[in-house]
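Accompanying notes for the structure given below.
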Amino acid sequence: MRPSDEALIVIDVQNDFCPGGALAVAEGDLIIPRINALMKEFQTVVLTQDWHPADHSSFAANHPGAQAFSTMQMPYGPQTLWPVHCVQGTKGAEFHADLRTDPAHLVIRKGFRAAIDSYSALFENDRVTPTGLEGYLRARGISKLTLVGLATDYCVAFSALDSAKGFDVTVLQGACRAIDLDGSLAAQQAAMQAAGVHLQD
Ligand code: VGL
Ligand code: ZN
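Counting in my numbering, the sequence shown tops out at residue 211, every number present.
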C-alpha cells in the first residue's frame, strides 16, 4: 500500500474517449485493467469526469462554419474545437463500464460551464479558476500524485503541469493514451519534463 500522502488521479476514462466514442482515443480502453489494479495500491483515488453542457463553447458544432480540431481564440486564450463529446447525462459521458468506480473517494466533474473548457483537473482553461481538487488534496495532506487516463497530451498533461507547481507528480504513460494532434504528444511530454513531472512507463 502507498503511504497516505499519495493519491491516484484517474483522468476522464469515459465512453466518448474510448473506441466507438465521439472523441475516441486509440486504445483508450486498453489502459483500464492496469488502472483498476493501481486503485488497490492507493489510499486516495480520485476520478475526473469531462462533463459538458450541450451548448459548450469547445464544440465545433456550436460555431457555425468551424471545423473540429481547428483552433479558436477565446477570451482566455486559444482553444481547440472538438467534436461534441461528454455531454452531461449521456452514455458518452459515463465512465467506461470496465473502469472500477467503487474504489473512488471523489469524482470531480469539469468543463461544465459553457463559456470555458477545463482540461486540467485543477484549473479551468483560463488557468486561474480552481476546480477545488487542489484544496481537497491539500486538506487531506496529500503531496504526491500519480496521474493516469485520457488523454495524455490534453487532460492528463494539463493536470500534470498545473499540479507540478505544488505536488510531486508522476505520469504513468503506459496507463494513458494520447490524441496526438499536430505533434501535441511530443510537445506536452517535453513541457511535462521541463516542469519536473516524472514520466514513467
Ligand atoms: C479531453 C479534449 C476535450 C481529454 C477532454 O480528456 O483529454 N480532450 N475534452
Ligand atoms: Zn471535453
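Heads up, the beta-carbon is just placed ideally off N, CA and C, and yes, glycines get one too.
Pull up the distance between the alpha-carbon of residue i and that of residue j, whole angstroms please.
| i | j | result |
| --- | --- | --- |
| Phe168 | Gln203 | 13 Å |
| Asp108 | Lys50 | 15 Å |
| Gly206 | Val179 | 8 Å |
| Asp22 | Ser130 | 10 Å |
| Gln53 | Leu116 | 12 Å |
| Pro43 | Leu160 | 14 Å |
| Asp112 | Gly145 | 22 Å |
| Leu147 | Ser153 | 8 Å |
| Pro74 | Met84 | 15 Å |
Can you check DSSP and say which residues form a bridge with residue i?
| i | result |
| --- | --- |
| Met82 | Gln89 |
| Arg119 | Gln59 |
| Cys186 | Gly159 |
| Glu16 | Lys154 |
| Leu140 | Checking the sequence, you will find Pro at residue 140 rather than Leu. Beta-bridge pairing links Pro140 to Phe133. |
| Ile21 | Thr58 and Gly159 |
| Gln210 | Leu182 |
| Val97 | His62 |
| Phe69 | Trp92 |
| Phe105 | Gln24 |
Enumerate in chain order the residues of its own chain whose CB-to-CB distance from residue i is below 7 Å, with the five nearest sequence positions on each side excluded.
| i | result |
| --- | --- |
| Pro63 | Gln98, Phe122 and Ala124 |
| Leu195 | Thr162, Asp163 and Ala188 |
Is any beta-carbon of chain C found at less than 9 Å from that of residue i?
| i | result |
| --- | --- |
| Gly38 | The displayed structure is made up of one protein chain only, and chain C is not part of it. |
Quick one: what's got a C-beta closer than 8 Å to residue i's C-beta in the same chain, skipping five residues either side?
| i | result |
| --- | --- |
| Pro88 | Thr81 and Met82 |
| Pro93 | Ala32, Leu33, Phe69, Ala70, Ala71 and Ala78 |
| Cys165 | Ile21, Asp22, Thr58, Asp60, Tyr129, Ser130, Ala131 and Gly159 |
With a threshold of 6 Å on Cβ separation, who are the neighbours of residue i within its own chain once the five nearest residues in sequence on each side are excluded?
| i | result |
| --- | --- |
| Glu37 | Arg187 |
| His66 | Ala124 |
Mind checking residue i: buried by the 16 CB within 10 Å criterion, or exposed?
| i | result |
| --- | --- |
| Ser173 | buried |
| Lys175 | exposed |
| Gln59 | buried |
| Thr139 | exposed |
| Ala149 | exposed |
| Lys101 | exposed |
| Ser128 | buried |
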